[in-house]
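Notes follow once the structure below has been shown.
Chains as they are written, first to last, in my numbering: chain U, 5 to 375; chain B, 5 to 375.
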């Protein structure tokens, strides 16, 4: 049996360890839940509801009845009836030409018919996210997380009516209080060092600041965490659990689009990431590549705002992934990538986190003169 | 009696708590040592050796025989006989004019004769730092820390011959290994969120990375730490002690150059700092002000490299401090400034850190099922 890591929140959700694993891969999410953590499946790479339903059916068949959650990207502000085609039409031609020229420079081939959008971001469109939520609420998920902003009031209400807890990511105490006013149950404090969308306040400062700001709401610490000692640190900061995303990318269950990308992640150091607007239009930490450098170049057009940038680059990113263009190939990932230096199973990662946590507690007790 | 916080390193140095307090103010450094921590006096604002000697005489008279240390800024590379005047001559006239115009725009008065350089950085000149070390080695200091790069080999040797431990700050594992090869005894892992010179890797990731890189050398965690729960987090990450700088700025013993600056620090939030080259030429975290914004402005000349920038702005910073120009008034400080919201004595801060540490350990033991 693994050593315990129990908080009020982990007991409430019925999991052994207060470890929340966010991942776009159902096989990883299910393995996290089976190993005693709480798997959270990212919905953003699914299309509308029916496609997500297949993913959730799979989760039901593979989590062995253990609790799990879903992460959607749902804007609180209604933009009312804006379709993907409407957004596509807002992208300047100059940006499209610049992207094509960049791909040509690196010799990235075109996609074949039917290959389109291995990299998908349509989950960010409000109508897609809404149809995902409609589907998700028909499944026995225990948590609905919103990755960007507070979820809309009616969604919070419908989730609560089904006994589903609602979480939202925050990069500042102000965001966290806004979430609290929106009626959510859990705040994920996402530090500067995290992969994906981040603010500028580091986990060490952000976590206790948000814990104090939204007390008594439970807070999960996110950003820079990939070992048991870091789990202990995050919990020491007052969190009721740890939210990890990056570490699962190099698990054997992960389904990365390219072997070359796995190798790149395994080789990268903590200094090889950058907070860039290249992928989504908002600052998101990812591997630094010649792709992110090109978007920083003052001579280039620079990134468009969300959601335009994501639509602009969707095909380009798919092409780079499919043809494994080494200079451009990247992924959202946090500074913890420096520690991700071997492929392991999800169960081994969980085991390592809980055992490392135990060792850290023993060491702390010695320092405090208690053991 | 305060609860304990003992590591191998704190025992070796003969202090009760593994809390290392860096400060430019002798009254603060002495109070830290008297309260059971380890005070480290920053030498950079002193001039050559004789001026520093007065500071160290004062320390001897006020530390009550408790151990303390000194922090110098000594480049490892010899630049050979370069004087302050030589460096002054390398500053372009365009930069001087731009600074004068900026001060005029905000109506900052000239300094009176004799008021010069309340803000001093001459300690960064190699010959000044060397004369400081010559003086320091005649005092019973227990630690000599180098704030920028590895200390020169002969200095490490002379310090060791007197039983003085040598520490150096590092922002990456590569820097830390370089320090280790230079024969130092302690690495201070200075995270992105720290005040003053920082790299881009956050404390959560940097600390364990450096602990692993230089094992078995002891590592101090620095950056973002100002509460007992953050002390527990830093120690959980494998550090043998915590290095704090920012939190002492708003202690009652601190001798800030301006009351308005104290008020500004007390009012600032964690998002009110910026990593800027405006003060020294190297990226240093400080309050974000219209001064730092002006140096970021692409229409301006941008900062010069170290040590030119520090010399260029020394008088300007003194004038801003003396006349308390609200828009421009700033200070090096870390993201923890958001938590610095009341003036307290050094002893109260230490008390708060050790009691908060105890509470964090108790909570962690409960999570681990040990209490």
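Positions of the beta carbon are idealized from the N, C-alpha and C atoms, including for glycine.
By the criterion of at least three beta-carbon pairs nearer than 8 angstroms, the region 205 to 223 of chain U is in contact with the region 170 to 184 of chain U.
Residue 221 of chain U has a beta carbon lying at 7 angstroms or more from every beta carbon in chain B.
When only Cα atoms are considered, residue 115 of chain U and residue 254 of chain B end up about 59 angstroms apart.
Among the residues of chain B, none has a CB under 9 angstroms from the CB of residue 27 of chain U; the nearest is roughly 20 angstroms distant. By the neighbour-count definition (other C-beta atoms within 10 Å, threshold 16), residue 375 of chain U is an exposed residue. Under the 8 angstroms Cβ criterion, the region 194 to 209 of chain B counts as touching the region 166 to 177 of chain B, having at least three qualifying pairs. Here the alpha carbon of residue 87 of chain B sits roughly 44 angstroms from the alpha carbon of residue 306 of chain U.
Interface residue (Cβ-Cβ distance to chain U less than 7 angstroms): residue 339 of chain B is classified as such. Residue 77 of chain B carries a coil assignment under DSSP once its states are collapsed to helix, strand and coil. With 16 or more other Cβ atoms inside 10 Å of its own Cβ, residue 213 of chain B counts as buried. Counting only the Cα atoms, residue 239 of chain U lies some 15 angstroms from residue 369 of chain U. Ranking U/51, U/293, U/331 and U/316 by CA distance to the CA of residue 97 of chain U puts U/316 first. The region 352 to 368 of chain B makes no contact with the region 320 to 337 of chain B: fewer than 3 CB pairs, one atom from each, lie closer than 8 angstroms. Distance check between residue 134 of chain U and each of U/54, U/318 and U/14 places U/54 closest, using alpha-carbon atoms only.
Contacts with chain U at 7 angstroms (Cβ-Cβ) include residue 239 of chain B. Here residue 136 of chain B is not near residue 77 of chain B, since their CB atoms are 7 angstroms or more apart.
Going by beta carbons, residue 277 of chain U and residue 314 of chain U fall outside the 7 angstroms limit.
Distance from residue 223 of chain U to residue 211 of chain U at the Cβ level is roughly 7 angstroms; contact confirmed, criterion being Cβ atoms closer than 8 angstroms.
Bridge partners of residue 72 of chain U according to DSSP: U/43. Under the DSSP definition of a beta bridge, residue 150 of chain B partners with B/76 and B/172. When secondary structure is reduced to three states using DSSP, residue 24 of chain U falls in the strand class. Counting other Cβ atoms within 10 Å of its Cβ, residue 47 of chain U reaches 16 or more and is therefore classed as buried.
Listed by position along chain B, the residues whose Cβ is nearer than 7 angstroms to that of residue 212 of chain U are 231, 233 and 234. A distance below 6 angstroms between beta-carbons, with the five flanking residues on each side excluded, links residue 41 of chain U to the following residues of its chain, in chain order: 21, 23, 25 and 354. For residue 225 of chain U, the beta-bridge partners assigned by DSSP are U/193 and U/246. When Cβ pairs closer than 8 angstroms are counted between the two stretches, the region 97 to 110 of chain B is seen not to touch the region 64 to 76 of chain B, the count staying below three.
Listed in chain order, the non-local C-beta contacts of residue 60 of chain U below 6 angstroms within the same chain comprise 143, local neighbours out to five positions each way being set aside. Where residue 290 of chain U is concerned, the enclosing beta strand (DSSP E) starts and stops at 288 to 291. Taking a beta-carbon distance threshold of 7 angstroms, residue 18 of chain U does not count as an interface residue toward chain B. Note that the C-beta distance between residue 67 of chain B and residue 252 of chain B is not below 7 angstroms. The C-alpha of residue 139 of chain B is placed about 49 angstroms away from the C-alpha of residue 293 of chain U. According to the DSSP secondary-structure assignment, residue 370 of chain B is paired through a beta bridge with no residue. If you draw a straight line from the Cα of residue 186 of chain B to the Cα of residue 156 of chain B, it is about 8 angstroms long.
In this model, residue 301 of chain U and residue 280 of chain U are separated by some 12 angstroms (Cα to Cα). Residue 173 of chain B is outside the set of residues whose beta carbon lies under 7 angstroms from a beta carbon in chain U. In the three-state reduction of the DSSP assignment, residue 360 of chain B falls in the helix class.
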